[in-house]
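Enquirer: Following this message is one structure expressed as structure tokens.
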Amino acid sequence: PLIRSILKERQAGQRRMPIFAREGSAFQKIMHRIRLVAATDMSVMIFGENGTGKEHIAHLLHDKSKRAGKPFVAVDC
1 PLIRSILKER
11 QAGQRRMPIF
21 AREGSAFQKI
31 MHRIRLVAAT
41 DMSVMIFGEN
51 GTGKEHIAHL
61 LHDKSKRAGK
71 PFVAVDC
């Protein structure tokens, strides 16, 4: 059931974080930075350990930028 709901969200274009993650102060700081950077035309490098949510952060940044209506391309390197 959980995997199916995640797949349905992705197919519908929705990217949600669990409530516990959205309420933390660290997440609030990240969202503040995302809003600052999304308003610019800057390039951004997101790095970190495997499984830390880098691609999710990239999606959030894309969704808040002026490029939100354009395709998102994940680069895994």
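Residues 1 to 77 (full-length UniProt numbering) make up the sequence shown, in order. All C-beta atoms in this analysis are idealised placements derived from N, C-alpha and C, irrespective of residue type, glycine included.
1. Return helix, strand or coil for R67, following the three-state DSSP convention.
2. Grab the span of the alpha helix (DSSP H) containing F27 for me, first residue to last.
3. Would the beta-carbon of I30 fall within 7 Å of that of K64?
4. Enumerate in chain order the residues of its own chain whose CB-to-CB distance from H62 is below 6 Å, with the five nearest sequence positions on each side excluded.
5. With a CB to CB cut of under 6 Å and the five nearest residues on each side skipped, what residues in its chain are close to E55?
Expert: With the structure as the only source:
1. Residue state, collapsed to three classes: coil.
2. Residues S25 to A38.
3. For I30 and K64, no; Cβs fall outside 7 Å.
4. For H62, same chain residues with a beta-carbon under 6 Å away, outside a window of 5 residues either side, are F72 in chain order.
5. A74, listed in sequence order.
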